[in-house]
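Undergrad: Input: one structure, supplied below.
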Amino acid sequence: MAIENIAFWIMAAAAVACAAGMVSTKNPIHAALWLVGNFVSLAVIYLILSAPVLFAVQLIVYAGAIMVLFLFVIMFFMSPQARQWLQPPLRSQLLFGGLASIALLGLLVFGFMRSGEQLGYADPYKAAEVTNAPADYDPTADMGDPWSLSTWMFSYQVLPFELTSLLLLAALLGAVMVARDPREEGTGRVIHFAGTARRRRRTATEPEGVEVEAS
Amino acid sequence: MTELVGNSILLSAVLFTIGVVGVMIHRHPVVIFMCIELMLNAANLALVAFNKHHYSTTWKTMDGQTYAFMVIAIAAAEVAIGLAIIVSLFKRRVRIDVDEINLLRG
Numbered sequence: 584m585a586i587e588n589i590a591f592w593i594m595a596a597a598a599v600a601c602a603a604g605m606v607s608t609k610n611p612i613h614a615a616l617w618l619v620g621n622f623v624s625l626a627v628i629y630l631i632l633s634a635p636v637l638f639a640v641q642l643i644v645y646a647g648a649i650m651v652l653f654l655f656v657i658m659f660f661m662s663p664q665a666r667q668w669l670q671p672p673l674r675s676q677l678l679f680g681g682l683a684s685i686a687l688l689g690l691l692v693f694g695f696m697r698s699g700e701q702l703g704y705a706d707p708y709k710a711a712e713v714t715n716a717p718a719d720y721d722p723t724a725d726m727g728d729p730w731s732l733s734t735w736m737f738s739y740q741v742l743p744f745e746l747t748s749l750l751l752l753a754a755l756l757g758a759v760m761v762a763r764d765p766r767e768e769g770t771g772r773v774i775h776f777a778g779t780a781r782r783r784r785r786t787a788t789e790p791e792g793v794e795v796e797a798s
Numbered sequence: 221m222t223e224l225v226g227n228s229i230l231l232s233a234v235l236f237t238i239g240v241v242g243v244m245i246h247r248h249p250v251v252i253f254m255c256i257e258l259m260l261n262a263a264n265l266a267l268v269a270f271n272k273h274h275y276s277t278t279w280k281t282m283d284g285q286t287y288a289f290m291v292i293a294i295a296a297a298e299v300a301i302g303l304a305i306i307v308s309l310f311k312r313r314v315r316i317d318v319d320e321i322n323l324l325r326g
């Protein structure tokens with residue numbers, strides 16, 4: 584119990600620090616790496632919250648696949664010569680964004696604290712306390728292992744699961760359709776990505792923004 | 221254990237707020253997108269924590285973790301579509317700023 588709490592606090596501090604670093608950095612690659620740190624600390628918190636399957640899925644899908652996609656896009660399409668990659672926020676953006684965020688955080692925390700009272704618990708932390716159980720009894724001992732998660736998922740959530748596969752297929756086709764360039768359609772030409780950033784800055788006013796070349 | 225659940229919900233609220241701050245103060249679509257991922261992760265953390273809160277020997281519910289699982293899958297789909305849109309923006313423009321993107325056609 585105690586070591587769980589210690590690990591939770593360490594990982595929570597790491598998650599908040601990584602999130603703050605991501606929001607405050609000027610370099611998008613640094614932002615992506617901060618976000619990887621945040622995902623890894625959140626994965627460890629999933630492990631503490633007895634969700635080992637989600638721990639693995641978080642590491643594989645988020646820290647692996649999604650962040651590789653982000654870094655891929657950033658490194659392919661953003662010019663490293665640019666002195667300041669991200670525009671600094673406007674003053675009014677900082678002011679109103681900060682005010683709205685403080686209000687939102689207050690609302691979330693207030694709602695959480697209040698929900699415990701509404702449900703009849705004076706202290707929301709004590710909401711799930713098990714009465715008349717042995718002191719060393721842990722009801723969540725076998726919680727979240729692959730067997731219990733998959734049994735539940737394929738007993739009660741089969742339709743959403745199958746619809747998710749359909750959605751992934753649609754997203755795959757949609758991503759290909761959106762990212763293709765209709766001007767290169769059927770011409771047999773290939774886009775040379777290397778050097779497009781340097782070339783693009785020079786020909787910024789031209790309607791043809793992409794450098795193409797016969798293959 | 222119960223302390224852990226409450227603290228996780230508070231951590232989730234903090235992370236969600238940081239994501240909202242990022243969305244509001246940044247103007248580059250890639251970074252805004254990362255902040256949206258952060259908010260999705262905060263929501264996932266809340267789902268997992270509430271799952272732990274409601275799990276008992278008589279009712280071995282796994283709904284929260286199942287939803288978190290599907291949120292991760294849908295986030296992957298969303299990232300694929302969103303980054304495809306951003307790639308097509310990069311191919312057409314030099315300076316990417318969400319204030320300047322105001323047309324639906326290319």
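Note that the protein sequences, when read in sequence, are chains A and B.
Per my numbering, the first sequence starts with residue 584, numbered consecutively.
Per my numbering, the second sequence starts with residue 221, numbered consecutively.
In this text, a Cβ means the ideal position worked out from N, Cα and C, and glycines have one as well.
1. Among B:His248, B:Val234, B:Leu230, B:Val241, which one has its Cα closest to the Cα of glutamate 320 (chain B)?
2. Taking the alpha helix (DSSP H) that glycine 302 (chain B) belongs to, which residues open and close that run?
3. Tell me whether the beta-carbon of alanine 598 (chain A) lies closer than 8 Å to the beta-carbon of asparagine 621 (chain A).
4. Between the C-alpha atoms of proline 743 (chain A) and alanine 754 (chain A), what's the straight-line distance to the nearest angstrom?
5. Which residues, in order along the segment 728–741 of chain A, keep a beta-carbon less than 7 Å from a beta-carbon of chain B?
6. From alanine 777 (chain A) to valine 250 (chain B), what does the alpha carbon distance come to, in whole angstroms?
7. Which chain A residues sit within Cβ distance under 8 Å of leucine 230 (chain B)?
8. Quick one: is phenylalanine 236 (chain B) buried, meaning 16 or more other Cβ sit within 10 Å of its Cβ, or exposed?
9. Please decide whether leucine 652 (chain A) counts as near chain B, where near means a Cβ-Cβ distance under 8 Å.
10. Of all Cβ atoms in chain A, is any one closer than 8 Å to the Cβ of alanine 322 (chain B)?
11. So that I know if they touch, is there some Cβ in chain E lying closer than 8 Å to that of valine 627 (chain A)?
12. Rounded to whole angstroms, how far is the Cβ of tyrosine 739 (chain A) from the Cβ of isoleucine 292 (chain B), which I believe are closer than 8 Å?
13. Cβ of valine 318 (chain B) less than 8 Å from any chain A Cβ?
14. Between the segment 616–650 of chain A and chain B, which residues of the former have a C-beta closer than 8 Å to a C-beta of the latter?
15. In three-state DSSP terms, what is lysine 318 (chain B)?
16. Check the C-beta distance from lysine 272 (chain B) over to valine 234 (chain B) and give it rounded, since I have them as a contact under 8 Å.
17. Return helix, strand or coil for histidine 248 (chain B), following the three-state DSSP convention.
18. Would the beta-carbon of methionine 254 (chain B) fall within 8 Å of that of alanine 683 (chain A)?
TA: A quick look at the data gives this:
1. B:His248
2. 283–312
3. yes
4. 16 Å
5. Ser731, Leu732, Trp735, Met736, Gln740
6. Any reading at alanine 777 (chain A) is ruled out, since the residue's pLDDT is 49, under 50, leaving its predicted position unreliable.
7. Val692, Phe695
8. buried
9. yes
10. With the sequence shown as reference, residue 322 (chain B) is identified as asparagine, and alanine is not the correct amino acid for it. It does not; no Cβ of chain A falls within 8 Å.
11. Absent from the structure: chain E. Protein chains present are A and B.
12. Incorrect: roughly 18 Å between the Cβ atoms, too far for contact.
13. no
14. Leu618, Asn621, Phe622, Leu625, Ile628, Tyr629, Ile631, Leu632, Ser633, Ala634, Val636, Leu637, Val640, Gln641, Val644, Tyr645, Ala648, Ile649
15. Contrary to the premise, residue 318 (chain B) reads as valine rather than lysine in this sequence. DSSP places valine 318 (chain B) in coil when its eight states are reduced to three.
16. So it is not a contact: roughly 19 Å between Cβ atoms.
17. coil
18. no
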